[in-house]
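Those protein sequences? They're chains B and G, same order as listed.
Here the first sequence is numbered in the working numbering, starting from 1 and rising by one per residue.
Here the second sequence is numbered in the working numbering, starting from 1001 and rising by one per residue.
For every residue, glycine included, the Cβ atom is placed at its ideal position computed from N, Cα and C.
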Amino acid sequence: ETGVTQTPRHLVMGMTNKKSLKCEQHLGHNAMYWYKQSAKKPLELMFVYSLEERVENNSVPSRFSPECPNSSHLFLHLHTLQPEDSALYLCASSQVNGGTHNEQFFGPGTRLTVL
Amino acid sequence: GDSVTQMEGPVTLSEEAFLTINCTYTATGYPSLFWYVQYPGEGLQLLLKATKADDKGSNKGFEATYRKETTSFHLEKGSVQVSDSAAYFCALKGRGSTLGRLYFGRGTQLTVWP
């Protein structure tokens, strides 16, 4: 595998389900990101893990819970989602040097549909 | 706050036509500017970038010039191909960003017909 991979590519879930999205980067980077891409809205940064520190967008609901067990893996745990959470969820990674975040490389995304 | 305003599409062109997708930004100081491309079913790929005023980013026949006086970073290509059909996103990263946070425009869907 090369670059940034995401699984599953497609996910359909009910509002009472619990599921997780997985992201893995094979680039040796030390920062990872979750973005949400909704129709007709700008990409929205949800979470950043940089040098083991988590930073989040305060507008993200608590039904989204990230986990970053190491610098190569990132998860997004989902529970009791709403239909408006249906979107493409993109993972990205980058190399942080001296506090500077370099180019972000994106995965193909997980297309999530909440029924 | 930082933001990007991008021409909304969809844009439909014939092959070999000239392409312009407008992008303007609002930011404090001197941000870095980017164009990303997203092909169907794929993630975003960096197309080109510019990190200071008057820089020209270029890649695959696409160009964009960082214009501070007009706060713009318009994407151009002289002769588009069917394979250029994709969604294009303008983005900025603030100079003082401690998170590497990118601010994206809403995207422009380009369709090129043979």
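One or two residues paired with residue i in a DSSP bridge
| i | result |
| --- | --- |
| B/N70 | B/H73 |
| G/S1072 | G/T1024, G/R1067 |
| G/T1111 | G/T1012 |
| B/E117 | What the structure shows of chain B is the stretch from 1 to 115, and residue 117 of chain B is not part of that stretch, so it cannot be assessed. |
| B/H10 | B/R111 |
| G/A1017 | DSSP output for G/A1017 lists no bridge partner at all. |
| B/H79 | B/K18 |
| B/T2 | According to DSSP, B/T2 bridges with nothing at all. |
| B/L51 | The partner list for B/L51 (beta bridge, DSSP) is empty, contrary to what the question assumes. |
| G/S1003 | G/T1026 |
Minimum Cβ-Cβ distance from residue i to chain B less than 8 Å
| i | result |
| --- | --- |
| G/R1106 | yes |
| G/L1092 | no |
| G/G1009 | no |
| G/L1046 | yes |
| G/R1101 | yes |
Buried versus exposed call for residue i [16 or more other C-beta atoms within 10 Å across all chains shown]
| i | result |
| --- | --- |
| G/W1035 | buried |
| G/Q1081 | exposed |
| B/P114 | Before going on, a small fix: residue 114 of chain B reads as Val here, not Pro. With 16 or more Cβ atoms within 10 Å of its Cβ, B/V114 is classed as buried. |
| G/G1041 | exposed |
| B/V4 | buried |
| B/M46 | buried |
| B/A39 | exposed |
| B/G107 | buried |
| G/A1087 | buried |
| G/T1028 | exposed |
| G/Y1010 | For clarity, residue 1010 of chain G is Pro in the given sequence; the question names Tyr instead. Flag for G/P1010 reads exposed. |
| B/K18 | exposed |
| G/K1060 | exposed |
| G/V1112 | buried |
Neighbour flag for residue i against chain G, beta carbons, 8 Å
| i | result |
| --- | --- |
| B/A87 | no |
| B/L43 | yes |
| B/L27 | no |
| B/L76 | no |
| B/S94 | yes |
| B/L51 | no |
| B/L90 | yes |
With a floor of 3 residues, list each beta strand (DSSP E) that falls wholly inside the region 1028-1068 of chain G, ordered by position along the chain.
1032-1038, 1044-1050, 1056-1059, 1062-1065
Chain G contacts made by the region 102-115 of chain B, where a contact means CB separation under 7 Å
E103, Q104, F106, G107, P108, G109
Residues of the region 1032-1044 of chain G with Cβ closer than 9 Å to any Cβ of chain B, in chain order:
F1034, Y1036, Q1038, G1041, E1042, G1043, L1044
Report the residues of the region 9-39 of chain B with a CB closer than 9 Å to any CB of chain G, ordered along the chain.
R9, A31, Y33, Y35, Q37
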